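K.L.:
Residue numbers (the working numbering): 13 to 511.
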Amino acid sequence: MKRSGVGESGLIFNEPLIFDRGHTGEQGYSLPEWEGGEEAALKALPSHLVRDEVEGLPQVSEIEVVRHFTRLSQWNFSIDSGFYPLGSCTMKYNPRMNEAGAALPEFATAHPYQGEEFSQGALRIMWELQQYLGEVSGLPAVTLQPAAGAHGEMTGMFMIRAWHGDRGRPRRTVLIPDSAHGTNPASIVFCGWDVREVKSDAEGMIDPAEVEKAMDKDVAALMLTNPNTLGLFEERVREVADIVHAKGGLVYMDGANLNAMMGITRPAEMGVDVMHFNLHKTFSTPHGGGGPGAGPVAATAELEKYLPVPRIVRKGEKFLLRERSRKSIGRVKAFFGNFGVLLRAWTYIRSVGPEGLREVSETAVLNANYIRKKLHHAYDVPYDRICMHECVFSDRRQRERVSTLDIVKRLIDYGIHPPTIYFPLIVKGAIMVEPTETESRQTLDRFVEAMLAIDEEAREQPDQLREAPVRPKVGRLNEAKAARQPDLRWYPPGPEKSG
Ligand SMILES: *Cc1c(COP(=O)(O)O)cnc(C)c1O
13 MKRSGVGESG LIFNEPLIFD RGHTGEQGYS LPEWEGGEEA ALKALPSHLV RDEVEGLPQV
73 SEIEVVRHFT RLSQWNFSID SGFYPLGSCT MKYNPRMNEA GAALPEFATA HPYQGEEFSQ
133 GALRIMWELQ QYLGEVSGLP AVTLQPAAGA HGEMTGMFMI RAWHGDRGRP RRTVLIPDSA
193 HGTNPASIVF CGWDVREVKS DAEGMIDPAE VEKAMDKDVA ALMLTNPNTL GLFEERVREV
253 ADIVHAKGGL VYMDGANLNA MMGITRPAEM GVDVMHFNLH KTFSTPHGGG GPGAGPVAAT
313 AELEKYLPVP RIVRKGEKFL LRERSRKSIG RVKAFFGNFG VLLRAWTYIR SVGPEGLREV
373 SETAVLNANY IRKKLHHAYD VPYDRICMHE CVFSDRRQRE RVSTLDIVKR LIDYGIHPPT
433 IYFPLIVKGA IMVEPTETES RQTLDRFVEA MLAIDEEARE QPDQLREAPV RPKVGRLNEA
493 KAARQPDLRW YPPGPEKSG
C-alpha cells in the first residue's frame, strides 16, 4: 500500500499509563512552606477536608500531566483531523462560528432557574429554532427537549399513543421496514409496544402492498426513514402514508437523514405526522463519544397539544414558558433540552440561511453520487441508481478473498475513518459511505483512490490486507471484547480476587 498523507500517522511514541510514568516525589503543585511543617498544617485544616493517604496515586509533575493527556487526545480520530464518511451519522464539519456563539458568556453562564424575564434572549433563540425546524419540515408543532434521535423517537411514540388514547383506541403495534435503523425497533419496545417488520421490495424500497397487508386495527403507526438507510428516496412514501392514514394509523419519520432534502422537499408533504431531527447530524453540532446531542420533534398542528411541557411560546414581543397543558405527554428532559446544542444549531441555520440549507443538501447528494459513480465498477452497489446523501456498497466482488472488515480497516492506514459497515442488515457485507457536503473534491478523490488501491490489494495480496491496519499504534482490535469483558479495575491492580 502507498504510504503518503500529511499529519495522519499521529504521534510516534507509545503512551504508558500515567501510573507507569510517575516517579516517587514528583508533584504537580507547590504550596508555600507552613510554619511547623506538614503536621501543623494538617492540624490547622478542618478534619473533614483532610483526605486519607491513597495508595498508588501517580506522582507526576504538571508538565508530564499536560503532555500525557495532550498526547492521548491526539490519538483520537475526529472530523477535525480527517475524512469521516461514517454512513448514517452525517459527520460534517462543525463550523467554529457555532462554538463562538455557544461560548458567549451571556449564554454560557445563563441558568435555567433565572426565570422568564431574565431569559428572554435564550427563550427567543429556542422559539426561533422551533420556527425554523417547523419551516424545514412543514410540521409546525416543535419541541426541542429530546436529547437525541432515539429520544425523539420515544417522544414521538408517546405523542402517538396519547392521540390514539384520546380516540379510545389502545393500539400497540408499529410497522417498520426491514431496513430500519436499530434505534427504531428499540424505541418502540421501550414504549411497551410491538414491532411488526415490513419487507422491502426488490428495489430496496418500502412496498405499499406489504404495508397494506400488515396494516390492521392494532397498528398505531408506521415508522420509516426517508431517504431510507440504503440512501434511497422512498418515492412511494405518499402512497404508503395514505394507506396508513386510511386505516387509522399515523406516520412517524425518522429524520436522521434530513441532510438529503432540506429546502428541496418537506416531510409534511409526504404525509408524515411526527418526526425527529438530529441536530447533531444535519445541523452541524458536534457528535460522537456519547453526546450531548439534540433530537427535536416536529408534528402536525393536530398533535400539538400532546407535545412535552414546558412549551416555549411567543406573546407579542415576549417569550414565555407554558408549564401546563392538559393533554401534554409531560416532560421528557430536564429544563429545555441541551441548550448549548440548540444554540449551535440556531447559529448554523442563521449563518447558512434558507438558500444555503438547500445547497447543503444538494451538495451532500452530489458528493455521495460522485463516490458511487467513481467506485461502482470496482465495488458492488446492490441498488445502483441515483442515491441521496449516502451510498451503500457491498463486498460481493471481493468476498472470496477478503471481507468488508478487511477493506475498511485498511482505510485507517490511509488516514480515513472507516465507513459504517454491515448496516443496513438487508445488504450482506454492506459498506455505507456518507461523505457529507463539507468535503472537497480533492478529499473525495483521495478516498476513491484509496478504495481502488484496496480493491487491487484484495486481488493481489489478500493475506496482507487481512493484517490491516498496520500504521496506527494498535492493529486490529477485538471489536466486542471491551464491551463484553469490561476491565474497570482500579490501577495498579491489587491482589487477584477469586471469582
Ligand atoms: C443516528 C440515527 C438514529 C439515532 O439517532 P441518535 O441521535 O444517535 O439517537 C436513528 N435513525 C437513524 C437512521 C440514524 O442515522
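Where a beta carbon is used, it is the ideal one built from N, C-alpha and C, also for glycine. It should be emphasised that the depicted structure is a prediction, and the values quoted were computed from it without experimental measurement.
(1) Does F81 come out as helix, strand or coil in the three-state DSSP assignment?
(2) Less than 7 Å separating the Cβ of G260 from some heavy atom of ligand 1?
(3) Under three-state DSSP, which class holds K293?
(4) Give me the Cα-Cα distance between F81 and P239, rounded to the nearest whole angstrom.
(5) Is the CB-CB distance between S296 and Y360 below 8 Å?
(6) With a threshold of 8 Å between beta carbons, is E281 in contact with chain D?
(7) Could you tell me if the beta carbon of A380 falls within a distance shorter than 7 Å of some heavy atom in ligand 1?
(8) In or out: Q39 buried (at least 16 other Cβ within 10 Å) or exposed?
(9) For the 8 Å Cβ check, are there 3 or more pairs between the segment 421 to 431 and the segment 91 to 98?
(10) Looking at ligand 1, does it come within less than 7 Å of G307, judged from the CB to the closest heavy atom?
(11) What does the Cβ neighbour count give for Y105, buried or exposed, with the cut at 16 atoms within 10 Å?
(12) May I have a chain-ordered list of the beta strand (DSSP E) segments no shorter than 3 residues that lie completely inside the segment 256 to 300?
(13) Sorry if obvious, but does the Cβ on C203 come closer than 7 Å to a heavy atom of ligand 1?
(14) How should I398 be labelled, buried or exposed, when 16 other C-beta atoms within 10 angstroms of its C-beta is the threshold for buried?
(15) Please list the terminal residues of the continuous beta strand (DSSP E) segment that includes L54.
(16) Which one of L187, P304 and Q142 has the shortest CA to CA distance from M265?
(17) Could you check how far apart the C-beta atoms of G243 and E402 are, in whole angstroms? I think they sit under 8 Å.
(18) Buried or exposed, going by whether 16 or more other CB atoms sit within 10 Å of the CB of Y395?
(19) Alpha carbon to alpha carbon, what distance is there between K339 and V148?
(20) Here's the rule: buried if 16 or more other CB atoms are within 10 angstroms of the residue's CB, otherwise exposed. What is I466?
(21) Please indicate yes or no: does the CB of D190 lie closer than 7 Å to some heavy atom of ligand 3?
(22) Within the same chain, show all residues whose beta-carbon is closer than 7 Å to that of S21, passing over the 5 residues directly before and after it, in chain order.
(23) Taking 7 Å as the cut-off, is the CB of H193 close to at least one heavy atom of ligand 1?
(24) Are G275 and R362 close, meaning C-beta to C-beta below 8 Å?
(25) Can you look up L315 in the DSSP assignment and give me helix, strand or coil?
(26) So what does K330 bridge to, in DSSP terms?
(27) Report all residues from its chain with a CB closer than 6 Å to the CB of Y125; omit the five preceding and five following residues, and keep chain order.
(28) To which residues of the same chain is M282 closer than 7 Å at the C-beta, ignoring the five residues directly before and after it?
(29) To which residues of the same chain is Q132 closer than 8 Å at the C-beta, ignoring the five residues directly before and after it?
(30) For D32, verify whether its CB is less than 7 Å away from any heavy atom of ligand 1.
(31) Is any non-hydrogen atom of ligand 1 found closer than 7 Å to the C-beta of A268, if you look at the structure I gave you?
(32) Ordered along the chain, which non-local residues of its own chain (more than five positions away) have a Cβ less than 7 Å from that of V72?
(33) Is the segment 332 to 351 touching the segment 307 to 324 in the sense that three or more CB pairs, one from each, lie closer than 8 Å?
(34) Exposed or buried, which one is A495 when buried takes at least 16 other CB atoms within 10 Å?
(35) Tell me whether the beta-carbon of V486 lies closer than 8 Å to the beta-carbon of V439.
(36) Inspect the beta-carbon positions of N271 and A376 and report whether they are closer than 8 Å.
P.N.:
In brief:
(1) For the purposes of this step, residue 81 is taken as the residue at position 69 of the sequence shown. DSSP places F81 in helix when its eight states are reduced to three.
(2) Here the question's residue 260 lines up with position 248 in the sequence shown. Ligand 1 has no heavy atom closer than 7 Å to the beta-carbon of G260.
(3) Taking the sequence shown and counting its residues from 1, one reaches residue 293 at position 281. Correct three-state label for K293: helix.
(4) Walking along the sequence shown from the start, residue 81 turns up at place 69. Walking along the sequence shown from the start, residue 239 turns up at place 227. Approximately 41 Å between the Cα atoms of the pair.
(5) Residue numbering aside, residue 296 sits at position 284 when the sequence shown is read from its first letter. Residue numbering aside, residue 360 sits at position 348 when the sequence shown is read from its first letter. In contact: S296 and Y360 (Cβ atoms closer than 8 Å).
(6) The structure shown contains no chain D, having only a single protein chain.
(7) Within the sequence shown, the letter at position 368 stands for residue 380. Flag unset: Cβ of A380 not near ligand 1.
(8) For the purposes of this step, residue 39 is taken as residue 27 along the sequence shown, with counting starting at 1. Classification of Q39: exposed, given that the 10 Å Cβ count is below 16.
(9) Contact between the segment 421 to 431 and the segment 91 to 98 is present, because at least three Cβ pairs lie under 8 Å.
(10) Counting from one through the sequence shown, the residue named residue 307 turns up at place 295. Yes, the Cβ of G307 comes within 7 Å of a heavy atom of ligand 1.
(11) For the purposes of this step, residue 105 is taken as the residue at position 93 of the sequence shown. With fewer than 16 Cβ atoms within 10 Å of its Cβ, Y105 is classed as exposed.
(12) Fully enclosed beta strand (DSSP E) runs of 3 or longer: 262 to 266 and 286 to 288.
(13) The residue given as residue 203 occupies position 191 in the sequence shown. With a cut-off of 7 Å, the C-beta of C203 is classified as distant from ligand 1, since no heavy atom of the ligand falls inside that distance.
(14) Start at 1 with the first residue of the sequence shown, and residue 398 comes out as number 386. Counting the other Cβ atoms within 10 Å of the Cβ of I398 gives fewer than 16, which makes it exposed.
(15) The count along the sequence shown starts at 1 and reaches residue 54 at position 42. From DSSP, L54 is part of no beta strand (DSSP E) but of the alpha helix (DSSP H) over G49 to A56.
(16) Here residue 265 refers to the residue found at position 253 when the sequence shown is read from its first residue. Measuring from the Cα of M265, the nearest candidate turns out to be L187.
(17) Stepping through the sequence shown from its first residue, residue 243 is reached at position 231. Stepping through the sequence shown from its first residue, residue 402 is reached at position 390. At roughly 4 Å, the Cβ-Cβ gap stays under 8 Å, so G243 and E402 are in contact.
(18) The residue labelled residue 395 in the question sits at position 383 within the sequence shown. Around the CB of Y395, 16 or more other CB atoms lie within 10 Å, so the residue is classed as buried.
(19) If you number the sequence shown from 1, residue 148 lands on position 136. If you number the sequence shown from 1, residue 339 lands on position 327. C-alpha separation (whole angstroms): 26 Å.
(20) In the sequence shown, counting from the first residue as 1, residue 466 sits at position 454. Burial is judged here by how many other beta carbons sit within 10 angstroms of a residue's own beta carbon; I466 has at least 16 and is buried.
(21) Absent from the structure shown: ligand 3. Ligands present: ligand 1.
(22) Residue numbering aside, residue 21 sits at position 9 when the sequence shown is read from its first letter. In this predicted model, S21 has a pLDDT of only 48, less than 50, meaning its place in the structure is not dependable; the value taken from the coordinates is given anyway. So the list reads R483, once near-sequence residues are dropped.
(23) Reading the sequence shown from its first residue, position 181 is the one you call residue 193. Answer for H193: yes, Cβ within range of ligand 1.
(24) Residue mapping note: residue 275 aligns to position 263 of the sequence shown, counting from 1. Residue mapping note: residue 362 aligns to position 350 of the sequence shown, counting from 1. In this structure, R362 does not lie closer than 8 Å to G275 by Cβ.
(25) Within the sequence shown, residue 315 is the residue found at index 303, counting from 1. In this structure, L315 counts as helix in the three-state DSSP scheme.
(26) Within the sequence shown, residue 330 is the residue found at index 318, counting from 1. DSSP lists K327 as partners of K330.
(27) Here residue 125 refers to the residue found at position 113 when the sequence shown is read from its first residue. If you ignore the 5 residues before and after Y125, its C-beta comes within less than 6 Å of no other C-beta in its own chain.
(28) Numbered from 1 along the sequence shown, position 270 holds the residue referred to as residue 282. Once the five neighbours on either side are set aside, the close Cβ partners of M282 are N238, V249, R250 and A253.
(29) Within the sequence shown, the letter at position 120 stands for residue 132. Counting only Cβ-Cβ distances below 8 Å, and skipping sequence neighbours, we find K330 and F331.
(30) Locating residue 32 in the sequence shown gives position 20, where the first residue counts as 1. D32 Cβ: outside cutoff for every heavy atom of ligand 1.
(31) Stepping through the sequence shown from its first residue, residue 268 is reached at position 256. If you check the C-beta of A268 against ligand 1, you find a heavy atom less than 7 Å away.
(32) Position 60 of the sequence shown, counted from the first residue, corresponds to residue 72. Within its own chain, the residues whose Cβ lies closer than 7 Å to the Cβ of V72, once the five positions on either side in sequence are excluded, are I30, R33, G34, E38 and G40, listed in chain order.
(33) Contact between the segment 307 to 324 and the segment 332 to 351 is present, because at least three Cβ pairs lie under 8 Å.
(34) Sequence index remark: in the sequence shown, residue 495 carries index 483 (1-based). By the beta-carbon neighbour count (other beta carbons within 10 angstroms, threshold 16), A495 is exposed.
(35) For the purposes of this step, residue 486 is identified with residue 474 of the sequence shown, where counting begins at 1. For the purposes of this step, residue 439 is identified with residue 427 of the sequence shown, where counting begins at 1. No, the Cβ-Cβ distance between V486 and V439 is not below 8 Å.
(36) If you number the sequence shown from 1, residue 271 lands on position 259. If you number the sequence shown from 1, residue 376 lands on position 364. Going by beta carbons, N271 and A376 fall inside the 8 Å limit.
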